[in-house]
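Novice: Let me give you the structure first, and then I'll get to my questions.
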Amino acid sequence: MTVEAHKETRGFQTEAKQLLHLMIHSLYSNKEIFLRELISNASDAADKLRFEALSDSSLYEDDAELNIRVDFDKEAKTVTITDNGIGMSRDEVVEHLGTIAKSGTAQFLSNLSGDDKKDSQLIGQFGVGFYSAFIVADKVDVFTRRAGASTEQGVHWSCTGEAEFTVETVEKASRGTQIVLHLKDDGAEFADGWRLRSVIKKYSDHISLPVVMTKEPMPAAEGEEQPAEPEDETINTATALWTRSRSEVSEDEYKEFYKHISHDFTEPMKWSHNRVEGKLDYTSLLYLPAKAPFDMYNREASRGLKLYVQRTFIMDDAEQFLPLYLRFIKGVVDSNDLSLNVSREILQKDPNIDAMRSALTKRVLDMLDKLAKNDAEKYTEFWKEFGQVLKEGPAEDFANKEKIGKLLRFASTNGSGAEQDQTLEGYIERMQEGQEKIYYICAENHNTAKSSPHLEVFRKKGIEVLLLSDRVDEWLMGHLMEFGGKQFQDVGKGALDLGELDTEEDKKAQEESAKQHEDLVKRVKDSLEDKVEEVRVTNRLTDSPACIVVGEHDMGAQMRRILEQAGQALPESKPVFEMNPEHPLVQKLDQESDEDRFKDLVEILFDQASLAEGGQLDDPAAYVARLNKLLLELSH
369 MTVEAHKETR GFQTEAKQLL HLMIHSLYSN KEIFLRELIS NASDAADKLR FEALSDSSLY
429 EDDAELNIRV DFDKEAKTVT ITDNGIGMSR DEVVEHLGTI AKSGTAQFLS NLSGDDKKDS
489 QLIGQFGVGF YSAFIVADKV DVFTRRAGAS TEQGVHWSCT GEAEFTVETV EKASRGTQIV
549 LHLKDDGAEF ADGWRLRSVI KKYSDHISLP VVMTKEPMPA AEGEEQPAEP EDETINTATA
609 LWTRSRSEVS EDEYKEFYKH ISHDFTEPMK WSHNRVEGKL DYTSLLYLPA KAPFDMYNRE
669 ASRGLKLYVQ RTFIMDDAEQ FLPLYLRFIK GVVDSNDLSL NVSREILQKD PNIDAMRSAL
729 TKRVLDMLDK LAKNDAEKYT EFWKEFGQVL KEGPAEDFAN KEKIGKLLRF ASTNGSGAEQ
789 DQTLEGYIER MQEGQEKIYY ICAENHNTAK SSPHLEVFRK KGIEVLLLSD RVDEWLMGHL
849 MEFGGKQFQD VGKGALDLGE LDTEEDKKAQ EESAKQHEDL VKRVKDSLED KVEEVRVTNR
909 LTDSPACIVV GEHDMGAQMR RILEQAGQAL PESKPVFEMN PEHPLVQKLD QESDEDRFKD
969 LVEILFDQAS LAEGGQLDDP AAYVARLNKL LLELSH
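So that you can map any letter, position 30 of the sequence shown is 398 in this note's numbering, and since no number is skipped, the others follow by simple counting.
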């Protein structure tokens, strides 16, 4: 079969088309990042070759000196980036260059506004990679061959940034990838040695692989001959950044290294660089991003740290070193205590991994604790981006429950709005004398929580209540249980017990009220039949006639709604119906002798109590009919 017979034209995946358009039209203000992205990809290709060569050294093909080469041609207006890394097969070329193989793509594209300036900021949370080439080029040629494949199995990929690309089988003597950028007129500035060197030093100095360029000769003095062979020079430091001392690494270098490993445009919020020696010997460099990635809430998405063993790359997403609730952390861990042939299966069984995981988890939590103490404003930004994920922590990490508790933030009746800015330590400091519990309420949204009838007695007595409305909150509280020696109490569950905050007079009045209204309670219970577990008079209401209370050990309304939406079977449970005997509506109900009318009024009160909790009625039409009937009676 001839080479030509292997040539074909293909269309881009829809998402790739949209991202290409965005690259070409939105990133004009930061053109030079194309070189950072392509050098970063070349570095990854070398890392992957080193790893595969651990089990098959023949992949080096007698060329173990790995490097990245950058060339330019002023006349032809081209820039060429060449690496001798792992390379790609034909199928890999089509997969990696014709599609965007990253979860979260659809969500990313749905966030695009059509405003170029705003959209270019969004790209930073998604990563640009290879497609950044089209910022400066109107045509890109890729020549590649996978290590270990024959020279006849080279691939030529070509695209002009439009809807299609061509793939052709070609001969390629050397393994690896060569990318030729045919520069646009407004990108011609990059066909210049000085310009390219300055960009490489600025963005890629930290790359552990030599980035090589041909040394441009100085003008020869009169009578001197130019050197016959042009010399090569290494432009970057070519030392793995994390292996250097902290005092040797500048802030800008740390920031650029973050962008290299995360493919994120935005600068990191904070980082922690540490060398551990002793029983375990490893180095870690952990970053806290400024913005959440689009796939953060997909617990199945790839995550984890870049793992190196004795400076040799092992894997991109080593998820064993941090728990799932810290999946937003990016970084590198380089260990001297793991074997070079380490695999995912071995990782899961190695006791050294457990020790490193525990230490790295504490390091991240300490980094967050310092941020919260030293820069409250920045921590607020972090909380808005990652707070809901951190709330998964107490359920997954019992050993660090108290540390995580210090980092949590909540809205409360002490705050001025829906802002989650209250700490548990602050709540405990404000607790009233004799208060033994941290009170909270879970609801569908903040407005429902702050308006809940359950808060009425707490407002009357000036007791602070945490207002929880995130989907994860009820699950969180089911595992957090206590903080600072104080237990949590859901004010919407079980009988209200304020302990010492209730006076003897309050308790006596409650007992007398319960006795006095025994007949009413029985009538209401008979009227509601099997809808409720129990009916009782309450002291928790001051303004509302009635409320719905969940059993002490039953699942709350918020969690039931989440399970219901997910199509899960719900456990059987009935609520408790509590009435305020001091309310005029309840007093009127007590005097009602017409049993049909009594039943209608009870049903209306019950449905209203359900609605006040953010619940949905089983039969809205019946509720409307009863209400209309009552309104008509009142109008006569």
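For glycine and all other residues, C-beta sits at the position ideal for the given N, C-alpha and C.
Under 7 angstroms, do Leu690 and Ile682 count as touching if we go by C-beta distance?
Specialist: Their beta carbons are not under 7 angstroms apart, which means Leu690 does not touch Ile682 by this criterion.
Novice: Could you pull the start and end residues of the alpha helix (DSSP H) that Arg563 belongs to?
Specialist: Segment Gly561 to Tyr571, the alpha helix (DSSP H) holding Arg563.
Novice: Let me know the secondary structure DSSP gives Glu946 once reduced to three states.
Specialist: It is a strand residue.
Novice: What would DSSP say about Ser500, mapped onto helix, strand or coil?
Specialist: Here Ser500 sits in helix by DSSP.
Novice: From the DSSP output, in three-state form, read off Ile972 for me.
Specialist: It is helical.
Novice: With a threshold of 6 angstroms on Cβ separation, who are the neighbours of Glu520 within its own chain once the five nearest residues in sequence on each side are excluded?
Specialist: Glu539, listed in sequence order.
Novice: Could you name the residues of the same chain whose beta carbon sits closer than 8 angstroms to that of Asp431, not counting the 5 residues immediately before and after it, in chain order?
Specialist: Once the five neighbours on either side are set aside, the close Cβ partners of Asp431 are Asn452, Ser542 and Arg543.
Novice: Measure the Cβ-Cβ separation of His641 and Gly497 and say whether it is below 7 angstroms.
Specialist: Their beta carbons are not under 7 angstroms apart, which means His641 does not touch Gly497 by this criterion.
Novice: Rounded to whole angstroms, what's the CA-CA distance from Asp509 to Phe533? Just pull it up for me.
Specialist: The straight-line gap from Cα to Cα measures roughly 10 angstroms.
Novice: Spatial neighbours of His374 within its chain, please: C-beta separation below 7 angstroms, excluding the five flanking residues on both sides.
Specialist: Correct list, in chain order: Glu536 and Thr537.
Novice: Applying the criterion that 16 or more other CB atoms from any shown protein chain within 10 Å of the CB defines a buried residue, is Lys347 buried or exposed?
Specialist: With the chain covering only 369 through 1004, there is no way to say anything about residue 347.
Novice: Whole angstroms are fine: how far does the CA of Lys854 sit from the CA of Glu804?
Specialist: Cα to Cα, Glu804 sits roughly 6 angstroms from Lys854.
Novice: Go ahead and pull the three-state DSSP assignment for Val447.
Specialist: Here Val447 sits in strand by DSSP.
Novice: Give a yes or no on whether the C-beta atoms belonging to Lys659 and Thr634 are separated by under 7 angstroms.
Specialist: In this structure, Thr634 lies closer than 7 angstroms to Lys659 by Cβ.
Novice: Return helix, strand or coil for Val905, following the three-state DSSP convention.
Specialist: If DSSP states are grouped into helix, strand and coil, Val905 belongs with the strands.
Novice: Can you check which of these residues, Asn398, Ala501, Leu999 and Asp424, is closest to Asn409 by C-alpha distance?
Specialist: Checking every option, the nearest Cα to that of Asn409 belongs to Ala501.
Novice: With a Cβ-Cβ cutoff of 7 angstroms, do Val461 and Val548 count as a contact?
Specialist: Not closer than 7 angstroms, so no.
Novice: Just the C-alpha distance for Asp898 and Pro952, rounded to the nearest angstrom, thanks.
Specialist: Going from the Cα of Asp898 to the Cα of Pro952 covers about 26 angstroms.
Novice: Going by DSSP, what residue range makes up the alpha helix (DSSP H) through Asp887?
Specialist: Looking at the DSSP string, the run of the alpha helix (DSSP H) that includes Asp887 is Glu886 to Leu896.
Novice: In this structure, how does DSSP classify Tyr693 when only helix, strand and coil are distinguished?
Specialist: Reduced to three states, the DSSP call for Tyr693 is helix.
Novice: Leaving aside the five residues before and after Asp874 along the sequence, list all residues of the same chain whose C-beta is less than 7 angstroms from its C-beta, in chain order.
Specialist: Closer than 7 angstroms at the Cβ level, and outside the excluded window around Asp874, lie Asn907.
Novice: To the nearest angstrom, how far is it from the Cα of Ser443 to the Cα of Gly561?
Specialist: Going by the sequence as given, residue 443 is Glu instead of Ser. Between Glu443 and Gly561, the C-alpha separation is close to 13 angstroms.
Novice: Assign Ala556 to one of two classes, buried (16 or more other C-beta atoms within 10 Å of its C-beta) or exposed (fewer than that).
Specialist: Ala556 is exposed by the Cβ-count criterion.
Novice: Which one of Asp439, His822, Arg965 and Leu609 has the shortest CA to CA distance from Asp911?
Specialist: Taking only the C-alpha atoms, the option nearest Asp911 is His822.
Novice: I'd like the ranges of any alpha helix (DSSP H) spanning at least 4 consecutive residues and lying wholly in the segment 726-776.
Specialist: With a minimum length of 4 residues, the continuous alpha helix (DSSP H) runs that stay inside the segment 726-776 are 744-758, 761-764 and 769-775.
Novice: Using a 10 Å radius around the Cβ and a threshold of 16 neighbouring Cβ atoms, would you call Thr651 buried or exposed?
Specialist: It counts as buried.
Novice: Confirm, please, whether the CB-CB distance from Tyr665 to Glu764 is below 7 angstroms.
Specialist: Not in contact: Glu764 and Tyr665 (Cβ atoms no closer than 7 angstroms).
Novice: May I have the straight-line CA-CA distance separating Asp870 from Leu864, to the nearest angstrom?
Specialist: Rounded to the nearest angstrom, the two C-alpha atoms are 10 angstroms apart.
Novice: Just to confirm the assignment: which complete beta strand (DSSP E) runs, minimum length 3, are found wholly within the segment 616-677?
Specialist: You should have 638-644, 650-656 and 673-677.
Novice: Can the beta-carbon of Pro913 be found closer than 7 angstroms to that of Leu995?
Specialist: No; because the gap between Cβ atoms is not below 7 angstroms, this pair is not in contact.
Novice: Excluding five sequence neighbours on each side, which residues of the same chain lie with their C-beta closer than 8 angstroms to the C-beta of Lys774?
Specialist: Asp737, Ala740, Thr791, Leu792 and Glu793.
Novice: Enumerate in chain order the residues of its own chain whose CB-to-CB distance from Gln857 is below 6 angstroms, with the five nearest sequence positions on each side excluded.
Specialist: Lys805 and Tyr807.
Novice: According to DSSP, is Thr528 helix, strand or coil?
Specialist: Thr528 falls in the coil class under three-state DSSP.
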